[in-house]
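*Asks:* For reference, the structure I am asking about is given below.
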Amino acid sequence: MKVTVARDGKRLILKALTKATTHHAELQMISAKSMERTDTVLEEILEEFNAVFQEPTELPPKRMIEHQIDLYPGAIPNKQAPYRYTHAQKAKIKTLVKEILEARIIRPSQSSFSSLVLLDKKKDGTWRMCVDYSKPLEEHHTHLRIALNLLRQNKLYAKRSKCSFGKRSVEYFGHVISAKGIATDPSKFEGMLTWPTPKDVKGLREFLGLTGY
Numbered sequence: 245m246k247v248t249v250a251r252d253g254k255r256l257i258l259k260a261l262t263k264a265t266t267h268h269a270e271l272q273m274i275s276a277k278s279m280e281r282t283d284t285v286l287e288e289i290l291e292e293f294n295a296v297f298q299e300p301t302e303l304p305p306k307r308m309i310e311h312q313i314d315l316y317p318g319a320i321p322n323k324q325a326p327y328r329y330t331h332a333q334k335a336k337i338k339t340l341v342k343e344i345l346e347a348r349i350i351r352p353s354q355s356s357f358s359s360l361v362l363l364d365k366k367k368d369g370t371w372r373m374c375v376d377y378s379k380p381l382e383e384h385h386t387h388l389r390i391a392l393n394l395l396r397q398n399k400l401y402a403k404r405s406k407c408s409f410g411k412r413s414v415e416y417f418g419h420v421i422s423a424k425g426i427a428t429d430p431s432k433f434e435g436m437l438t439w440p441t442p443k444d445v446k447g448l449r450e451f452l453g454l455t456g457y
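In the working numbering, the protein residues as written are 245 to 457.
Rendered as structure tokens:
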């Protein structure tokens, strides 16, 4: 291996001492994803507390405070017939109950109280079992009277046009919350459906900015 250079009008030839080529470095293509910085301290902390992220296999240990539910004198037990479920939902509920029963999170009970079970699909496609503690509409009327009476007694005022009562669904931050779950507010789609077809790059960017949410 030799290299020719010019200096002060003279040509210099630099030759290697050996004919063998020595590699001092290698260049490799690295994707942007692999270039992400790794927080080693954060990884060490998460590894140290790995037990916190494990699936529970039993009830937690006995705490210093013993929780109990005090009932009003003469309280009537709340007991309702189960909802009607599809065959697939029934099978899933049985599976979930079996899992938490084996994990000793729950135990068999002969209590006169019982509440309804609901299945809620999570974002990852799995199911979450929930308990429905909702009461009849008449109890809601009682609670509403109590709340409005407190406002009246304390000279506090609410704007009727901004209040909603007896609704089966409510709008909240661009979403509609109902018994069926959470859905995007249909009014948010109107601007997208009526938006003119982009004819250039600028128009396309504006449309993508609108639909980016």
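C-beta atoms are modelled at their ideal positions from N, C-alpha and C, and glycine is treated no differently.
(1) With H, G and I counted as helix, E and B as strand and the rest as coil, what does DSSP make of Val445?
(2) Just grab the DSSP bridge partners of Tyr416 for me.
(3) Where are the alpha helix (DSSP H) runs, 4 residues long or more, that stay fully inside the stretch 340-393, in chain order?
(4) Note the first and the last residue of the continuous alpha helix (DSSP H) segment covering Thr284.
(5) Since Gly425 sits in a beta bridge, which residues does DSSP pair it with?
(6) With DSSP collapsed to three states, give me the class of Gly334.
(7) If we count Cβ pairs, one from each stretch, closer than 8 Å, do we get three or more for the stretch 371-378 versus the stretch 398-405?
(8) Relative to the alpha-carbon of Lys323, which residue among Leu360, Val296 and Ala427 has its alpha-carbon at the smallest distance?
(9) Please report how far the alpha carbon of Thr455 lies from the alpha carbon of Lys443, in whole angstroms.
(10) Who are Lys306's beta bridge partners in DSSP?
*Replies:* With the structure as the only source:
(1) For the purposes of this step, residue 445 is identified with residue 201 of the sequence shown, where counting begins at 1. DSSP places Val445 in the helix class (H, G or I) of the three-state scheme.
(2) Within the sequence shown, residue 416 is the residue found at index 172, counting from 1. Answer is His419.
(3) Within the stretch 340-393, no complete alpha helix (DSSP H) run reaches 4 residues.
(4) Numbered from its first residue, the sequence shown carries residue 284 at position 40. Residues Thr284 to Glu292.
(5) The count along the sequence shown starts at 1 and reaches residue 425 at position 181. Per DSSP, the beta-bridge partners of Gly425 are Ser422.
(6) Here residue 334 refers to the residue found at position 90 of the sequence shown. Position check: residue 334 holds Lys in this sequence, whereas Gly was assumed. In the three-state reduction of the DSSP assignment, Lys334 falls in the helix class, which pools H, G and I.
(7) Short answer: they don't touch.
(8) The count along the sequence shown starts at 1 and reaches residue 323 at position 79. That would be Leu360, whose Cα lies nearest to the Cα of Lys323.
(9) Numbered from its first residue, the sequence shown carries residue 455 at position 211. Numbered from its first residue, the sequence shown carries residue 443 at position 199. Distance between the alpha carbons of Thr455 and Lys443 is about 17 Å.
(10) The count along the sequence shown starts at 1 and reaches residue 306 at position 62. Answer by DSSP bridge pairing: none, since Lys306 is not bridged.
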